[in-house]
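There are 2 protein chains.
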Amino acid sequence: MNVAIVGLGLIGGSMAKSIKNRTSHTVWGIDLNAETMTMARMCGAIDAPLTEENLPQADLILVAIRPGAAIEWVRQHAPQIAKSAILVDLCGVKRTVVAAIAPIAEERGFSYIGGHPMAGKERGGFTASAEDLYVGASMILTPDKRTDMRLLETLKAFFLDLGFAGLTFSTPEEHDRIIAFTSQLAHIVSSAYVKSPEAQKRRGFSAGSFQDMTRVARLDEDMWTELFLDDEDFLTAELEELIGHLTDYRNALRAKDTQRLHDLLKEGRELKATAGGN
Amino acid sequence: MNVAIVGLGLIGGSMAKSIKNRTSHTVWGIDLNAETMTMARMCGAIDAPLTEENLPQADLILVAIRPGAAIEWVRQHAPQIAKSAILVDLCGVKRTVVAAIAPIAEERGFSYIGGHPMAGKERGGFTASAEDLYVGASMILTPDKRTDMRLLETLKAFFLDLGFAGLTFSTPEEHDRIIAFTSQLAHIVSSAYVKSPEAQKRRGFSAGSFQDMTRVARLDEDMWTELFLDDEDFLTAELEELIGHLTDYRNALRAKDTQRLHDLLKEGRELKATAGGN
Numbered sequence: 052m053n054v055a056i057v058g059l060g061l062i063g064g065s066m067a068k069s070i071k072n073r074t075s076h077t078v079w080g081i082d083l084n085a086e087t088m089t090m091a092r093m094c095g096a097i098d099a100p101l102t103e104e105n106l107p108q109a110d111l112i113l114v115a116i117r118p119g120a121a122i123e124w125v126r127q128h129a130p131q132i133a134k135s136a137i138l139v140d141l142c143g144v145k146r147t148v149v150a151a152i153a154p155i156a157e158e159r160g161f162s163y164i165g166g167h168p169m170a171g172k173e174r175g176g177f178t179a180s181a182e183d184l185y186v187g188a189s190m191i192l193t194p195d196k197r198t199d200m201r202l203l204e205t206l207k208a209f210f211l212d213l214g215f216a217g218l219t220f221s222t223p224e225e226h227d228r229i230i231a232f233t234s235q236l237a238h239i240v241s242s243a244y245v246k247s248p249e250a251q252k253r254r255g256f257s258a259g260s261f262q263d264m265t266r267v268a269r270l271d272e273d274m275w276t277e278l279f280l281d282d283e284d285f286l287t288a289e290l291e292e293l294i295g296h297l298t299d300y301r302n303a304l305r306a307k308d309t310q311r312l313h314d315l316l317k318e319g320r321e322l323k324a325t326a327g328g329n
Numbered sequence: 052m053n054v055a056i057v058g059l060g061l062i063g064g065s066m067a068k069s070i071k072n073r074t075s076h077t078v079w080g081i082d083l084n085a086e087t088m089t090m091a092r093m094c095g096a097i098d099a100p101l102t103e104e105n106l107p108q109a110d111l112i113l114v115a116i117r118p119g120a121a122i123e124w125v126r127q128h129a130p131q132i133a134k135s136a137i138l139v140d141l142c143g144v145k146r147t148v149v150a151a152i153a154p155i156a157e158e159r160g161f162s163y164i165g166g167h168p169m170a171g172k173e174r175g176g177f178t179a180s181a182e183d184l185y186v187g188a189s190m191i192l193t194p195d196k197r198t199d200m201r202l203l204e205t206l207k208a209f210f211l212d213l214g215f216a217g218l219t220f221s222t223p224e225e226h227d228r229i230i231a232f233t234s235q236l237a238h239i240v241s242s243a244y245v246k247s248p249e250a251q252k253r254r255g256f257s258a259g260s261f262q263d264m265t266r267v268a269r270l271d272e273d274m275w276t277e278l279f280l281d282d283e284d285f286l287t288a289e290l291e292e293l294i295g296h297l298t299d300y301r302n303a304l305r306a307k308d309t310q311r312l313h314d315l316l317k318e319g320r321e322l323k324a325t326a327g328g329n
């Protein structure tokens with residue numbers, strides 16, 4: 052296949068590297084940053100730049116830029132996209148993006164499905180991208196009434212070739228609700244956690260848990276502001292849920308209520324056991 | 052040296068294994084759990100049980116049980132401790148423990164210093180203990196007016212032999228203030244984070260950040276309830292600080308205030324950079 056990748060940051064760059072390392076597909080890529088384009092060509096992550104000329108020959112188009120920019124790119128380039136092509140956006144929110152792109156794809160006659168690879172890093176950009184970023188990860192897709200089995204079979208084979216463990220199907224709504232908790236809330240907690248004045252005085256006093264809590268505070272505020280605002284309803288609800296629970300612990304501590312504190316911790320341990328994860 | 056270890060859980064068991072793997076010291080250990088004693092002897096983590104008979108011959112005594120139990124153990128066994136011996140408790144809080152043990156040590160004439168190895172795991176007990184738990188970690192000690200240089204030199208050589216990267220000196224007060232933030236608060240956040248109903252529905256939707264946020268929710272509620280209550284003042288203050296910051300993000304989100312949200316995230320990124328860590 053000819054695979055076009057729009058945006059060669061952490062996500063798009065890792066797609067390019069994964070494809071070139073693990074498959075025989077051709078990759079055409081485009082990034083606004085000239086240095087990124089040079090690096091991507093020099094290290095063989097792309098075969099050639101994506102242009103107005105080769106876009107119509109793309110069989111699969113992966114859009115790996117921010118939600119607003121992704122919608123705008125599709126709007127502008129839809130006339131050059133072949134009716135036989137499949138377009139997948141890789142944005143971290145799905146309701147706003149799918150609602151804007153799906154009607155354009157339907158009108159123009161090409162295939163479209165929303166996607167979100169469950170992989171990331173605390174650093175962004177092409178230099179942080181890696182050919183093994185997606186190994187063992189889950190690829191979320193949001194099929195709709197236009198999605199047929201052949202499209203899903205094609206994408207399944209493609210993503211498994213890149214090292215993904217499997218596909219997870221979701222509605223845009225369910226995706227945005229769960230991701231508000233599993234990813235977005237974690238970024239806000241990290242960002243808030245590091246604001247205690249003690250964070251600057253902690254040297255020699257930290258084991259793994261401080262690192263865990265603050266790893267993703269090293270985030271790109273431009274991107275995350277957009278993602279958070281696109282998911283404001285679910286994210287605000289999760290944030291309020293967490294603040295409520297933290298207040299329970301605070302109240303138990305302040306009252307020196309041993310039994311209550313013990314119960315809260317025990318409940319957390321049990322919920323972690325059923326939620327799973329390391 | 053003859054090293055006595057009181058409590059063979061994660062911390063004491065790892066001390067025993069580190070000593071036997073990395074030094075030629077003799078280790079005598081004691082644990083209330085009979086199975087732990089059998090395992091510790093079978094795998095060579097201790098040379099013999101610590102008894103009323105050999106305790107007077109111990110040169111170094113490491114007390115690795117909970118704060119209240121540690122104080123009680125020292126109170127009961129002080130008469131059997133040699134005046135030439137050094138006793139170090141490894142409890143996770145220092146004010147209550149040092150305030151109780153230091154006067155006993157002074158009265159009986161043996162050396163005492165509070166300690167806290169900056170290493171841990173989300174699982175406890177002898178089975179989780181490891182001979183490399185302390186590799187690269189910092190060992191916090193709380194010297195006081197009775198601490199002389201010879202004592203510190205002896206302890207420095209001993210802990211470096213076990214793989215520790217170095218010693219960090221602190222007052223009990225400073226220790227408890229910083230640890231409330233770097234460790235205790237992280238445990239409360241993990242325990243609270245996993246309480247969202249979404250935690251139970253997240254399969255296929257999680258990358259690293261959910262894992263980071265909830266790893267230590269798998270805690271021992273008996274131990275942590277005691278540690279938290281012994282550090283209630285500092286921990287409550289940190290919890291209120293965090294709740295305040297989280298509320299700032301919540302307010303910016305709810306108001307859809309792009310600039311404010313962006314500023315909050317930028318500030319977090321900058322503070323993470325100066326705070327350091329992965």
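Protein chains in written order, with our numbering: chain B, 52 to 329; chain Z, 52 to 329. Virtual Cβ for every residue (Gly too), placed ideally from N, Cα, C.
(request) Report yes or no: do three or more beta-carbon pairs, one from the segment 192 to 212 of chain Z and one from the segment 244 to 257 of chain Z, lie closer than 8 Å? (result) Fewer than three pairs of CB atoms, one per stretch, sit closer than 8 Å, so the segment 192 to 212 of chain Z makes no contact with the segment 244 to 257 of chain Z.
(message) If the criterion is Cβ atoms closer than 8 Å, does the pair L304/B and L293/B meet it?
(response) Taking the first sequence and counting its residues from 1, one reaches residue 304/B at position 253. Taking the first sequence and counting its residues from 1, one reaches residue 293/B at position 242. It is not a contact, given that the beta carbons lie outside the stated cut-off.
(request) Indicate the three-state DSSP secondary structure (helix, strand or coil) for H167/Z in the structure shown. (result) For this step, residue 167/Z is matched to residue 116 along the second sequence. Strand, per DSSP.
(request) Starting from the beta carbon of R146/Z, find every residue of chain B whose beta carbon is closer than 9 Å, and list them in chain order. (result) Numbered from its first residue, the second sequence carries residue 146/Z at position 95. Ordered by position in chain B, no residue passes the 9 Å Cβ test against R146/Z, which lies about 15 Å from the chain.
(message) I'd like to know if H238/B contacts chain Z, where contact means its C-beta is closer than 8 Å to some C-beta of that chain.
(response) The residue labelled residue 238/B in the question sits at position 187 within the first sequence. Interface criterion met: the Cβ of H238/B is under 8 Å from a Cβ in chain Z.
(request) Identify whether L111/B lies in helix, strand or coil by the three-state DSSP scheme. (result) As a working mapping, residue 111/B is identified with position 60 in the first sequence. DSSP places L111/B within a strand segment (E or B) once states are collapsed to three.
(request) Go through the segment 203 to 267 of chain Z residue by residue and report every complete run of the beta strand (DSSP E) that reaches 3 residues or more, in order. (result) If we require 3 residues or more, the beta strand (DSSP E) runs fully inside the segment 203 to 267 of chain Z come out as 217 to 220.
(request) Could you pull out every unbroken alpha helix (DSSP H) segment of at least 4 residues lying fully inside the segment 123 to 184 of chain Z, listed in chain order? (result) List check, alpha helix (DSSP H) in window: 146 to 159.
(request) State the Cα-Cα distance for the pair K134/B and N105/B, rounded to the nearest angstrom. (result) In the first sequence, residue 134/B corresponds to position 83, counting from 1. In the first sequence, residue 105/B corresponds to position 54, counting from 1. Across the structure, K134/B and N105/B are spaced so that their CA atoms are roughly 14 Å apart.
(message) At the level of alpha carbons, what is the spacing between I164/B and L218/Z?
(response) Counted from its first residue, the first sequence places residue 164/B at position 113. Counted from its first residue, the second sequence places residue 218/Z at position 167. Put simply, the backbone Cα of I164/B is about 55 Å away from that of L218/Z.
(request) Consider the Cβ of F215/B: report whether some Cβ of chain Z lies at a distance smaller than 8 Å. (result) Position 164 of the first sequence holds residue 215/B. Closer than 8 Å: no.
(request) Just the C-alpha distance for I191/B and M264/B, rounded to the nearest angstrom, thanks. (result) The residue you call residue 191/B lines up with position 140 of the first sequence. The residue you call residue 264/B lines up with position 213 of the first sequence. Between the C-alpha atoms of I191/B and M264/B there is a straight-line separation of about 25 Å.
(message) Along the segment 242 to 265 of chain Z, where does the CB come closer than 9 Å to a CB of chain B? Name the residues.
(response) Taking 9 Å as the Cβ-Cβ cut-off against chain B, the residues of the segment 242 to 265 of chain Z that qualify are S242, A243, Y244, V245, K246, S247, P248, E249, A250, Q251, K252, R253, R254, G255, F256, S257, A258, G259, S260, F261, Q262, D263, M264 and T265.
(message) Within 10 Å of its beta-carbon, does A85/B have 16 or more other beta-carbons around it, so buried, or fewer, so exposed?
(response) Sequence index remark: in the first sequence, residue 85/B carries index 34 (1-based). Flag for A85/B reads exposed.
(message) Rounding to the nearest angstrom, what Cα-Cα distance links T147/B and S260/B in this structure?
(response) Residue 147/B sits at position 96 when you count from the first residue of the first sequence. Residue 260/B sits at position 209 when you count from the first residue of the first sequence. One C-alpha to the other measures close to 35 Å.
(request) Compute the Euclidean distance between the alpha carbons of W124/B and V144/B, then round it to the nearest angstrom. (result) Position 73 of the first sequence, counted from the first residue, corresponds to residue 124/B. Position 93 of the first sequence, counted from the first residue, corresponds to residue 144/B. Using only the alpha carbons, I get a separation of about 16 Å.
(request) Ignore the nearest five residues each way along the sequence and tell me which others in L141/B's own chain have a CB closer than 8 Å to its CB. (result) Counting from 1 along the first sequence, the entry for residue 141/B is found at position 90. Within the same chain, and ignoring the five residues on either side of L141/B in sequence, the residues whose Cβ sits closer than 8 Å to its Cβ are I62, G63, M66, L113, V114, A115, G166, H167 and P168.
(request) Would you kindly work out how many angstroms separate the C-alpha atoms of G295/Z and L236/B, rounded to a whole number? (result) Translated into the one-based positions of the second sequence, residue 295/Z becomes position 244. Translated into the one-based positions of the first sequence, residue 236/B becomes position 185. Within the model, the alpha-carbon separation for G295/Z versus L236/B is close to 15 Å.
(request) Could you check which residue in S75/B, Q262/B, T102/B and A288/B has the C-alpha nearest to that of I56/B? (result) As a first step, residue 56/B is located in the first sequence; it is residue number 5 there, counting from the start. Of the candidates S75/B, Q262/B, T102/B and A288/B, the one whose C-alpha sits nearest the C-alpha of I56/B is T102/B.
(message) Need the endpoints of the beta strand (DSSP E) that L192/B sits in, please.
(response) By 1-based counting over the first sequence, the position of residue 192/B is 141. Element bounds for L192/B: S189 to T193.
(request) Anything in chain Z within Cβ reach of E283/B, meaning under 7 Å, just list it in chain order. (result) For the purposes of this step, residue 283/B is taken as the residue at position 232 of the first sequence. Within 7 Å Cβ-Cβ: L304 and K307.
(message) According to DSSP, A55/Z sits in a beta bridge with which residue or residues?
(response) Numbered from 1 along the second sequence, position 4 holds the residue referred to as residue 55/Z. A55/Z pairs with W79/Z and I112/Z.
(request) Spatial neighbours of S241/Z within its chain, please: CB distance less than 8 Å, with the 5 preceding and 5 following residues excluded, ordered by chain position. (result) Taking the second sequence and counting its residues from 1, the one referred to as residue 241/Z is at position 190. Taken in chain order, the residues that qualify are M264, T265, R266, V267, A268 and L270.
(request) Would you verify that the beta carbon of E272/B is, or is not, closer than 8 Å to some beta carbon of chain Z? (result) The sequence position of residue 272/B within the first sequence is 221, counting from 1. It does: the Cβ of E272/B has a partner Cβ on chain Z nearer than 8 Å.
(request) Identify the contact partners of R320/B in chain Z, using a Cβ-Cβ distance below 7 Å as the criterion. (result) Here residue 320/B refers to the residue found at position 269 of the first sequence. Among the residues of chain Z, those whose CB is under 7 Å from the CB of R320/B are A268, R269, L270 and E272, following chain order.
(message) If I measure Cβ to Cβ from P223/B and keep anything under 7 Å in the same chain, skipping five residues before and after, which residues do I get?
(response) As a working mapping, residue 223/B is identified with position 172 in the first sequence. Closer than 7 Å at the Cβ level, and outside the excluded window around P223/B, lie K145, R146, V149, G165 and T193.
(request) Just the C-alpha distance for K71/B and P107/B, rounded to the nearest angstrom, thanks. (result) Start at 1 with the first residue of the first sequence, and residue 71/B comes out as number 20. Start at 1 with the first residue of the first sequence, and residue 107/B comes out as number 56. Their Cα atoms are separated by approximately 21 Å.
(request) Taking 8 Å as the cut-off, decide whether the C-beta atoms of L111/Z and D82/Z are in contact. (result) In the second sequence, the residue the question calls residue 111/Z occupies position 60. In the second sequence, the residue the question calls residue 82/Z occupies position 31. Not in contact: L111/Z and D82/Z (Cβ atoms no closer than 8 Å).
(request) Pick helix, strand or coil for A99/B, following the three-state DSSP scheme. (result) Stepping through the first sequence from its first residue, residue 99/B is reached at position 48. A99/B: strand per DSSP, three-state reduction.
(request) Buried or exposed for T325/Z, please, with buried defined as at least 16 other CB atoms from any protein chain shown within 10 angstroms of its CB. (result) Taking the first residue of the second sequence as position 1, residue 325/Z is located at position 274. Counting the other Cβ atoms within 10 Å of the Cβ of T325/Z gives fewer than 16, which makes it exposed.
(message) For Q310/Z, tell me which candidate among L280/B, V139/B, L286/B and R126/B has the shortest Cα-Cα distance.
(response) On the second sequence, residue 310/Z is found 259 positions in, with the first residue counted as 1. Ranked by Cα distance from Q310/Z, the first of L280/B, V139/B, L286/B and R126/B is L280/B.
(message) Given this structure, state the Cα-to-Cα distance separating H226/B from F256/Z, to the nearest angstrom.
(response) As a first step, residue 226/B must be located in the first sequence, where it is residue number 175. As a first step, residue 256/Z must be located in the second sequence, where it is residue number 205. One C-alpha to the other measures close to 8 Å.
(message) Nearest by alpha-carbon distance to A109/Z: which of K323/Z, K317/Z, G328/Z and N53/Z is it?
(response) Position 58 of the second sequence, counted from the start, is the residue given in the question as residue 109/Z. Comparing Cα positions, the closest option is N53/Z.
(message) For a test of the three-state rule: what should DSSP assign to N302/B, helix, strand or coil?
(response) Here residue 302/B refers to the residue found at position 251 of the first sequence. In the structure shown, N302/B sits in a helix (DSSP, three-state: H, G or I).
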